[in-house]
Amino acid sequence: MPTDPRPIGVFDSGIGGLSVLKHLARLLPQETFVYLGDTARVPYGNKSAETVRLYSSQCAAFLLTHNVKMIVVACNTASALALETLRASLSIPVVGVIEPAAREAVSRTRNGHIGVIGTRATVASDSYARCIERYAEGRTLHVHSRPCPLFVPLVEEGWLDSPATRLIAEEYLRPLVANGIDTLVLGCTHYPLLGPVLSSILPGVELIDCGECAAIDAQRLISAEPQELLHMPLISLYVTDHTPALHHACSSVPWHAGGRTGPRQR
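Just so you know, we're using this note's numbering here: the sequence shown kicks off at 3 and counts up by one.
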């Protein structure tokens, strides 16, 4: 059983962070989680840095009312623009998604060509390129970044495998194919939900799920040893607005009978 019974807080701009929550619940089955999806203000990727920092601080403040012991920022845009602000202002650990994914991409690439897809704000921040350069430790690596702003609304609408989604994905990924990438960082926690489409367009390319990488980092902070599964994780889910894709997305989370609280509006 965990030595600290307080929950782990997780927030995202929308429902994409549920992919991170799923990995956290798998790796830390004895923990309790409080998830906040800011669905009323999604996406963050087209907002200014000041607005993203404000929204992120508000999300963190909400999670703190639940006495969380750690916050996982399950949003790449917030990780790129607000992570250091949150770490400086909070007395609990704050885990982002960019550093863990960049580290994993460096370890996985074989030919040194790494693709990064994300929101406009994440790509413009160059956060992934800087982290990859830091973890390269002298290796010559080439980072090919591509904003994919339509992916988040497609996921939020539940269009995960429609012909339109595939057409848009092919257009976005064409330059990365031309660059010869062998590793692709899914630099938005919404994007793993499009994994089957992306894999079919990029056969042989390793997809890096930033949420899974962040969950592994969170596990290291919580416990050095894997936890024994005695019951399914207890999860409370909050959203700032109900959206059409919300309940479908919730079906991917391993709810514990009697432990699910949500989705509830703040």
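Beta carbons are placed, not taken as given, at the ideal position from N, Cα and C, and that holds for glycine. In this text the structure is predicted, and so the values were computed from the model without any measurement.
query	result
In the structure shown, what three-state DSSP assignment does TYR46 receive?	coil
To the nearest angstrom, how far is the alpha carbon of SER21 from that of LEU188?	12 Å
Whose C-alpha, out of ALA180, VAL96, GLU135, SER129, is nearest the C-alpha of CYS190?	SER129
Start and end of the beta strand (DSSP E) containing LEU14?	This sequence places Asp at residue 14; Leu is not what is there. Element bounds for ASP14: 10-14.
Please classify GLY264: does DSSP put it in a helix, a strand, or coil?	Legend: pLDDT at GLY264 = 44, less than 50; position of this residue unreliable, value from coordinates given subsequently. In this structure, GLY264 counts as strand in the three-state DSSP scheme.
On the three-state DSSP scale, how would you describe ARG2?	No information on residue 2 is available, as it lies outside the stretch 3 to 268 that the chain covers here.
Determine whether the beta carbon atoms of ILE183 and GLY98 lie at a separation below 7 Å.	no
Residues bridged to ASP211 by DSSP?	LEU188
Counting only C-beta atoms, is ASP6 closer than 7 Å to chain C at any point?	Among the protein chains of the structure shown there is no chain C, as only one such chain exists.
How should THR41 be labelled, buried or exposed, when 16 other C-beta atoms within 10 angstroms of its C-beta is the threshold for buried?	buried
Give me the Cα-Cα distance between ASP6 and ALA171, rounded to the nearest whole angstrom.	43 Å
In chain order, what residues of the same chain have a beta carbon less than 6 Å from the beta carbon of GLY16, not counting five sequence neighbours either side?	GLY39, THR41, VAL44, GLU158
Counting along the chain, where does the beta strand (DSSP E) carrying LEU25 start and finish?	The sequence shown places His at residue 25, rather than the Leu named in the question. Taken as a continuous stretch (DSSP letters only), HIS25 belongs to no beta strand (DSSP E), being part of the alpha helix (DSSP H) at 20-29.
For PRO155 and LEU162, I'd like the C-alpha separation in whole angstroms.	10 Å
Beta-carbon separation of VAL108 and ILE134 under 7 Å?	yes
Note down, one range per segment and in chain order, each beta strand (DSSP E) of at least 3 residues found wholly within the region 92-157.	115-120, 144-149
Where does VAL74 sit, in a helix, a strand or coil, going by DSSP?	strand
Please return the same chain residues whose Cβ sits closer than 7 Å to the Cβ of THR263, not counting the five positions on each side in sequence.	Here the model assigns THR263 a pLDDT of 41, short of 50, so the residue's position is not dependable, and the following value carries that caveat. The answer, listed in chain order, is SER238, LEU239.
Which residues in the same chain have their Cβ closer than 7 Å to the Cβ of ALA226, if we skip the five residues on either side of it in sequence?	Legend: pLDDT at ALA226 = 49, less than 50; position of this residue unreliable, value from coordinates given subsequently. Within the same chain, ALA226 has no close Cβ partners at all.
Exposed or buried, PRO194, counting other C-beta atoms within 10 Å across all chains shown (16 or more means buried)?	buried
Determine the DSSP secondary structure at THR242, reduced to helix, strand or coil.	coil
By the DSSP assignment, the beta strand (DSSP E) with GLY39 in it spans what residues?	34-39
Can you tell me which of the three DSSP states ILE183 falls into?	coil
Kindly list the residues whose CB is nearer than 6 Å to the CB of LEU186, restricted to its own chain and excluding five residues on each side of it in sequence; keep chain order.	GLY117, VAL207, LEU209
May I ask you to report which of helix, strand or coil DSSP gives CYS162?	Cys is not the amino acid found at residue 162; the sequence shown has Leu there. Here LEU162 sits in coil by DSSP.
Using alpha carbons as the reference points, say which of ASP243, ILE10, PRO149, ALA216 lies closest to LYS71.	ILE10
Could you check what DSSP says for LEU175 in three-state terms: helix, strand or coil?	helix
Mind checking whether ALA76 and GLY140 have CB atoms under 7 Å apart?	no
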